[in-house]
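This report concerns only the one structure given below.
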Amino acid sequence: MGCGDYTEEFVGGEGRGRTAEAVAEEVLDDLLVGAEGTHIRAGIIGEIGCSHSWSEQERIAMEVAVAAQKKTGATISVHPGRHPHAPFEIARFIREAGGRPDRTIMAHVERTLPDLDSLLEFAETGCVVEFDFSGSSPLITLFRISTSRTTANA
Ligand SMILES: [Zn+2]
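FYI, in the numbering used here the residues of the sequence shown are 17 to 170.
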């Protein structure tokens with residue numbers, strides 16, 4: 017089970033306008049005590065949702081996620097906005113906030129990064145690269161690019 021906020025559009029009315037302190041209290045409670053009055057604790061922070069560009073509420077969600085990671089060591093899973101720059105901006109934000117790229121999963125890379133060079137460049141951030149659109153056409157396209165490049169270099 018995860019914790020933290022998805023994209024602002026998904027969080028909706030009652031989730032909007034919460035302070036960082038209120039979001040942090042909920043996330044830390046989910047990680048350390050239990051979700052919604054139970055003793056069932058979240059094992060991961062996320063999927064934290066980021067649009068492109070980030071809304072203020074989404075920026076708060078990422079700040080809270082990094083702070084919670086620093087406090088607990090938990091892994092963060094991130095849903096990046098659909099712009100090819102989004103994963104890079106998020107990785108930079110996490111690094112500059114003192115978070116751990118090696119404990120950060122960037123989801124949906126095959127729909128977000130346009131080609132193999134971008135994917136390899138993103139891998140240099142140290143974040144975990146998650147291919148999770150198995151069977152969908154972007155992954156197949158990436159595989160084809162990769163295969164043709166390997167063949168061309170052989
Ligand atoms: Zn997602």
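We put the beta carbon where it would ideally sit given N, CA and C, even for glycine.
With fewer than three CB-CB distances shorter than 8 Å, the segment 49-61 does not count as touching the segment 98-117. Spanning the alpha carbons of Glu30 and Ile56 requires a straight line of approximately 23 Å. Taking a 10 Å sphere around the C-beta of Asp46, we find 16 or more other C-beta atoms and assign the residue as buried. With 16 or more other CB atoms across the displayed protein chains lying within 10 angstroms of its CB, Asp21 is buried.
The shortest CA-to-CA distance from Phe147 to any of Thr128, Ala77, Asp133 and Glu137 is the one to Thr128. Annotated three-state conformation of Thr120 is strand, per DSSP.
If you draw a 10 Å sphere on the C-beta of Thr120, you find 16 or more other C-beta atoms in it, and that means buried. The beta carbon of Cys143 sits closer than 6 Å to those of Ala107, Pro117, Thr120 and Met122, all from its chain and outside the five residues before and after it, given in chain order. Gly62 sits in a strand when the DSSP states are folded into three classes.
Remark: the shortest separation between the CB of Ala123 and any heavy atom of ligand 1 falls under 8 Å. For Glu41, the closest of Glu25, Ile76, Gly28 and Phe138 by C-alpha to C-alpha distance is Ile76. Each residue's CA atom was taken as its position, placing Ala36 and Val82 some 12 Å apart.
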